[in-house]
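**Q** Below: one structure in structure tokens.
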Amino acid sequence: MITIMVVTMIVLLLLGFPMMIPLITASIIGFVMTFNGFGQMETLIQQLMAGIRPASLIAVPMFILAADIMTRGQSAERLINMVMTFIGHIRGGLAVSTAASCTLFGAVSGSTQATVVAVGSPLRPRMLKAGYSDAFSLALIINASDIAFLIPPSIGMIIYGVISGTSIGELFIAGIGPGLLILAMFSVYCVIYAIVKDVPTEPKASWSERFVAVRQALWPLGFPVIIVGGIYGGIFSPTEAAAACVLYAIILEFGVFRALNARDIFAIAKSTGLITAVVFILVAVGNSFSWIISFAQVPEILLNAIGIADMGPNGVLITIAIAFFIGCMFVDPIVVILVLVPIFSPVVESTGLDPVLVGTMITLQVAIGSATPPFGCDIFTAIAIFKRPYLDVIKGTPPFILMLMVAAGLLVAFPEIALFLRDLAFR
Amino acid sequence: DTWRYAHEEYQGDVQDVYAQAFKKYIENNSDHNVQVYRFGELGESNDIMEQTQNGILQFVDQSPGFTGALIPSAQIFFIPYLLPTDEQTVLKFFDESKAINEMFPKLYAEHGLELLKMFPEGEMVVTADEPIHSPADFNNKKIRVMTNPLLSETYRAFGATPTPLPWGEVYGALQTGILDGQENPIFWIESGGLYEVSPNLTFTGHGWFTTAVMANQDFYNDLSDNDKQLVQDASEAAYSHTMEHIQGLAERSLEKIQQASDEVTVTRLTDKEIEAFKERAPQVEEKFLEMTGDNGKKLLKQFKQDLKNVEQQ
Amino acid sequence: MTEDESEIHYTSGLPGILGTLDTLISKVEAVILALGVLLMALNTVANVVGRFAIGESIFFSGEINRILIIMITFAGIGYAARHGRHIRMSAVYDALPATGRKILMVTISLFTAAIMFFLLYYACFYIVDLYGKGRVLPALGFPIFWIYLWVPVGFLITGIQYLLTAIKNLTSRDVYISTGVLDSYDDTETEV
Ligand code: NA
Ligand code: NA
């Protein structure tokens, strides 16, 4: 059954069908084969609806809307100008700041898709203007956003912690090391890229220019205050912070800067709605797909077939990494965690692996999988937001995925990357 | 053949203990196999309920709090201080109550469900940023509740600000201070690590987290008499096993929590302190009657009668 | 923002009264999308304000957002189909000669339309099923099937759009990826 589903999916995908069709057709096939006919199709519809039900998804349209208002108005431009007066003269400076912004924003918002939107929409045009290729810019934005999974708060870690009975506090601390390691790897790559491709730098800004730029950006600096201060200060949940940004953006662009009018807001909201719809319909059909895979016990059957029980600790850890990586290429990360963690937990226990290390590895794989073709949800978001064809969006990703895999390898070889801070804080 | 059974908790939690015992009994005593699905594998609580009603699943475990959207009277368990705090009395009540064993099966049957067993999982414990001693301590505290109007009414009556939030967001919200507290049975507070971010535990004694195991009724009715008996026996066996498991579970969980964290405080309300909360229960009861009409009225009356009978013994 | 222009000046390719109706539906979809998003922001902000200003969360705030997200998604898929905005991977397709692309596009459109009508049928089925079960929204208290009524409508409009795209491709010389959007190389933006 799984073979037929996957083959159908890939053929339809390659032929250029709208991406919801390969996923939903594969799910329909799964339902028909599992239930011998069309008798249980209402569950397929039920699970479509369940896919777009989680309240945390609301953060996505909210950040899209806020980012779009900021980008079409003046806020984003002013913020970036300020940053550029400080780093414009450094080789690769813009790319490194983009990666760092994605990490910071993602860490706070907890949503990789929201990060792609909120950081990517203002910074991508700027990177293009500075001379970076589009493939590089898109891949950087998508992959750097995924560091969000590793830096607390992380929804994936919370769910893993609850299912496996692992301390969420320890997981949070353990994610920081690998998260920063990846950011460092990306930054090095950015600088090398800028040198090799000879991306031009801007002339160094004088302090008076910097002062003017900071003054220009005073109002828009309220956005990081709302997001970082609001969430860590306990005023907003990530979704609420996004909505507050929308409100603040409207006040700024309409009231203070007078850069936009009511007609603009309608157009922006409509475009947000459209992007939300084309991404969420894929989340919805992806959920039906996950359901039938889970119902038919596909992961359990596959894992028993490869003999997971007879592997040593490192073998188990690597198998876990591969299983989550593959799973997240096709299915929503949260669902992958819910389905796979209970299957793996007996072997993890018997091999004596540190559950915090396992959790960190899983979170890392979830991050990689979300940016990996064919069905990584960040890719969809980037396609919808930046209006680029699928292949253009994924063209630059291989070096980043390679770096992430190296990071995973390092984590197997040197668990201290994750556990050092944890031991410092808890042991 | 394979019977499919879904519940709404994680590995090793009370509903899982019941399900695994049920599975073991069936598989040891017949040729049937039981496949257990845990939380999220086939969707949320309401999804697995619909799937059971549609016959994709044969068995489901759903807490009456969630069933409230389908059967409003099932929210009776949210009326505070209706059930006593003494574990033995509560267990006896569930064994002997006419409301539980005769009235509830009829209510579920109207929705195509055969009620097999209804049982308490554990006493509700409040965790907050400060110990709670009186309704005044609840003032301006944002307490997370399940999305259930009657439960919200309870916390409003206690003086808190009930804040409905999906389970996945609770830990983060407690950590950042969007929430000041939440309520759950102690084993959930332990397994979910909630004490790490909300370390002050208060045993308010206001209620028990209750759950119900049911079968799809068409499936059940089509079973042979032998298999019907098998299912009933398996339910009983799983029930006794689970009751053994929950005896002392609260103490064990609390011990684990206290070993893991030095910050944790434990407050057990005195009888006098409880009085102050109890005084506020009638307004919740009124709301319950308002929401459920005649059905609720009859159920509540029987409930109280059964309790009296148990307590008099 | 060229595609915004094309969306604003969208006129249906259908003749006569059907065309007028189609253009009207397109405008209604745009309004639903925009309003849905703005209401969602308003509802979410109001919840925060309520919690801090009067110490009371809006109990049904989450359910309102759930209704809005279904509305946005299912009004949006029809709108996206009309304007050729659904996400697809067009590498193999792009490599084909014009005739090949035309044949493939007709196949894609017909198959997609068929799947949409299939989902339409079962979405209706699901709603009837929910109606029978009588489940209510816990906070708002009204029957839950109401919030899903958008779903079959969305599938219907999307299915019709793909059907029309197939007809358009069969009856004209050029290759269309939606009723209003021509498939062309000089403007890659329309391909997504
Ligand atoms: Na994060
Ligand atoms: Na994915």
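Residue numbers (our numbering), protein chains in the order written: chain D, -13 to 413; chain A, -6 to 306; chain F, 52 to 243.
Cβ coordinates follow ideal geometry from the N, Cα and C atoms, glycine included.
Note that the coordinates shown come from a computational prediction; the quantities given were computed from them, not determined experimentally.
Quickly, what does DSSP pair Gly192 of chain F with across the bridge? List them, please.
**A** Your numbering for residue 192 of chain F matches position 141 in the third sequence. DSSP, once it has assigned bridges, lists no residue as partnering Gly192 of chain F.
**Q** Mind checking if Ala36 of chain D is an interface residue toward chain A, Cβ cutoff 8 angstroms exclusive?
**A** Taking the first residue of the first sequence as position 1, residue 36 of chain D is located at position 50. Output row for Ala36 of chain D: interface = yes.
**Q** Pick out the complete alpha helix (DSSP H) segments inside the stretch 365 to 390 of chain D, 4 residues or longer, and give them in chain order.
**A** Taking only runs of at least 4 residues, the alpha helix (DSSP H) segments lying wholly in the stretch 365 to 390 of chain D are 376 to 381.
**Q** Within the stretch 123 to 166 of chain A, note down every full beta strand (DSSP E) run reaching 3 residues or more, in order along the chain.
**A** Within the stretch 123 to 166 of chain A, the complete beta strand (DSSP E) runs of at least 3 residues are 135 to 138, 154 to 157.
**Q** In whole angstroms, what is the alpha-carbon distance linking Gly70 of chain F and Val232 of chain F?
**A** Sequence index remark: in the third sequence, residue 70 of chain F carries index 19 (1-based). Sequence index remark: in the third sequence, residue 232 of chain F carries index 181 (1-based). Straight-line Cα distance between these residues: approximately 16 angstroms.
**Q** Is Gly272 of chain D close to chain E, meaning its C-beta is less than 8 angstroms from at least one C-beta of that chain?
**A** Of the protein chains in the structure, D, A and F, none is chain E.
**Q** Which class does Tyr179 of chain D belong to by DSSP, given the choice of helix, strand or coil?
**A** By 1-based counting over the first sequence, the position of residue 179 of chain D is 193. Three-state result, Tyr179 of chain D: helix.
**Q** Going by DSSP, what residue range makes up the alpha helix (DSSP H) through Gly129 of chain F?
**A** Position 78 of the third sequence, counting from 1, holds the residue named residue 129 of chain F. From DSSP, the alpha helix (DSSP H) with Gly129 of chain F extends over 112 to 133.
**Q** Locate the beta strand (DSSP E) running through Leu207 of chain D, then write down its first and last residues.
**A** The residue you call residue 207 of chain D lines up with position 221 of the first sequence. Premise fails: Leu207 of chain D is in no beta strand (DSSP E) and is neither H nor E.
**Q** How many Å lie between Phe361 of chain D and Phe316 of chain D at the Cα?
**A** For the purposes of this step, residue 361 of chain D is identified with residue 375 of the first sequence, where counting begins at 1. For the purposes of this step, residue 316 of chain D is identified with residue 330 of the first sequence, where counting begins at 1. If I take the Cα positions, the gap works out to 5 angstroms.
**Q** Under 6 angstroms Cβ to Cβ from Val82 of chain D, same chain only, skipping five residues before and after it: list those, please.
**A** As a working mapping, residue 82 of chain D is identified with position 96 in the first sequence. Around Val82 of chain D: Ser173, Cys176.
**Q** If distances are taken between C-alpha atoms only, which option among A:Ser145, A:Lys135, A:Phe180, A:Pro142 comes closest to Thr169 of chain A?
**A** Taking the second sequence and counting its residues from 1, the one referred to as residue 169 of chain A is at position 176. The shortest Cα separation from Thr169 of chain A among A:Ser145, A:Lys135, A:Phe180, A:Pro142 belongs to A:Lys135.
**Q** Is it buried or exposed, Gly298 of chain D, if we count other Cβ atoms within 10 angstroms and call 16 or more buried?
**A** Within the first sequence, numbered from 1, the residue matching residue 298 of chain D stands at position 312. Counting Cβ neighbours within 10 Å, Gly298 of chain D comes out exposed, since fewer than 16 surround it.
**Q** Is there a Cβ from chain D that is less than 8 angstroms from the Cβ of Glu248 of chain A?
**A** Along the second sequence, read from residue 1 onward, the residue named residue 248 of chain A stands at position 255. No, no contact with chain D.
**Q** Going by alpha carbons, who is nearest to Val303 of chain A out of A:His199, A:Asp218, A:Thr154, A:Ser90?
**A** Residue 303 of chain A sits at position 310 when you count from the first residue of the second sequence. With distances taken between Cα atoms, Val303 of chain A lies closest to A:Ser90.
**Q** Pairs of beta-carbons, one from the stretch 51 to 60 of chain D and one from the stretch 235 to 246 of chain D, closer than 8 angstroms: are there three or more?
**A** Short answer: they touch.
**Q** In chain A, which residues lie with their C-beta within 7 angstroms of the C-beta of Trp205 of chain D?
**A** To locate residue 205 of chain D, count along the first sequence from 1; it is residue 219. Within 7 angstroms Cβ-Cβ: nothing; Trp205 of chain D doesn't reach chain A, min ~25 angstroms.
**Q** Please tell me whether Phe406 of chain D and Gln351 of chain D are closer than 8 angstroms, where the distance is taken between their beta carbons.
**A** Working through the first sequence from its first residue, we reach residue 406 of chain D at position 420. Working through the first sequence from its first residue, we reach residue 351 of chain D at position 365. Not a contact, by the Cβ cut-off of 8 angstroms.
**Q** Less than 8 angstroms between CB atoms is the rule here; does Thr140 of chain A satisfy it with respect to chain F?
**A** Working through the second sequence from its first residue, we reach residue 140 of chain A at position 147. Chain F, which has a Cβ nearer than 8 angstroms to the Cβ of Thr140 of chain A, makes this yes.
**Q** When we look at the beta-carbon of Ser192 of chain D and count the other beta-carbons within 10 Å, is it buried (16 or more) or exposed?
**A** In the first sequence, the residue the question calls residue 192 of chain D occupies position 206. Counting Cβ neighbours within 10 Å, Ser192 of chain D comes out exposed, since fewer than 16 surround it.
**Q** In chain D, which residues lie with their C-beta within 8 angstroms of the C-beta of Asp40 of chain A?
**A** Numbered from 1 along the second sequence, position 47 holds the residue referred to as residue 40 of chain A. Gln32, Gln33, Ala36, listed in chain order.
**Q** DSSP on Thr239 of chain F, reduced to helix/strand/coil?
**A** Position 188 of the third sequence, counted from the first residue, corresponds to residue 239 of chain F. Annotation note: pLDDT 40 at Thr239 of chain F (below 50); position unreliable, no value reported.
**Q** Between the stretch 167 to 197 of chain A and chain D, which residues of the former have CB atoms less than 8 angstroms from a CB of the latter, in chain order?
**A** For the stretch 167 to 197 of chain A, which is checked against every Cβ of chain D, the residues closer than 8 angstroms are Gln168, Thr169, Gly170, Ile171, Ser184, Gly185, Gly186, Glu189, Val190.
**Q** At a Cβ cut of 8 angstroms, what residues of the stretch 220 to 248 of chain A count as close to chain F, listed as they run along the chain?
**A** The stretch 220 to 248 of chain A vs chain F, Cβ under 8 angstroms: nothing.
**Q** Can you give me the C-alpha to C-alpha distance between Leu147 of chain F and Gly106 of chain D, rounded to a whole angstrom?
**A** The residue you call residue 147 of chain F lines up with position 96 of the third sequence. The residue you call residue 106 of chain D lines up with position 120 of the first sequence. Those two C-alpha atoms are separated by around 32 angstroms.
**Q** Give the interface partners of Asn47 of chain A over in chain D, defined as CB-CB distance under 8 angstroms, in chain order.
**A** For the purposes of this step, residue 47 of chain A is taken as the residue at position 54 of the second sequence. Neighbours of Asn47 of chain A on chain D, chain order: Gln26, Glu28, Thr29.
**Q** Where does Lys190 of chain D fall in DSSP's three states?
**A** Against the first sequence, residue 190 of chain D aligns to sequence position 204. Three-state DSSP puts Lys190 of chain D in coil, outside helix and strand.
**Q** So with Cβ pairs under 8 angstroms, would you call Leu292 of chain A a contact of chain D?
**A** Counted from its first residue, the second sequence places residue 292 of chain A at position 299. So, not an interface residue.
**Q** Answer yes or no: does any C-beta atom of chain A fall closer than 8 angstroms to that of Leu407 of chain D?
**A** One-based indexing of the first sequence puts residue 407 of chain D at position 421. So, not an interface residue.
**Q** Quick check: the stretch 112 to 124 of chain F against the stretch 327 to 342 of chain D, are there 3 or more CB pairs under 8 angstroms?
**A** Too few Cβ pairs lie closer than 8 angstroms, so no.
**Q** On the DSSP bridge assignment, give the partners of Pro113 of chain A in chain order.
**A** Locating residue 113 of chain A in the second sequence gives position 120, where the first residue counts as 1. A:Thr203.
**Q** Counting only Cβ-Cβ distances shorter than 8 angstroms, please list the residues of the stretch 206 to 225 of chain D near chain A, keeping chain order.
**A** Result list: Ile217, Tyr218, Gly219, Gly220, Ile221, Phe222, Ser223.
**Q** What residues in the stretch 351 to 363 of chain D have a beta carbon less than 9 angstroms from any beta carbon of chain A?
**A** Listed by position along the chain: nothing, the set is empty.
**Q** With three or more C-beta pairs closer than 8 angstroms as the rule, is the stretch 7 to 17 of chain D touching the stretch 274 to 286 of chain D?
**A** At 8 angstroms Cβ cutoff, the stretches touch.
**Q** Please confirm whether Tyr236 of chain F has its beta-carbon closer than 8 angstroms to some beta-carbon of chain A.
**A** The count along the third sequence starts at 1 and reaches residue 236 of chain F at position 185. Low local confidence applies: a pLDDT of 45 at Tyr236 of chain F is under 50, so the model's placement there is unreliable, with the coordinate-based value given in what follows. Tyr236 of chain F does not count as touching chain A.
**Q** What residues in the stretch 374 to 405 of chain D bring their beta carbon closer than 7 angstroms to a beta carbon of chain F?
**A** Flagged, chain order: Arg374, Pro375, Tyr376, Leu377.
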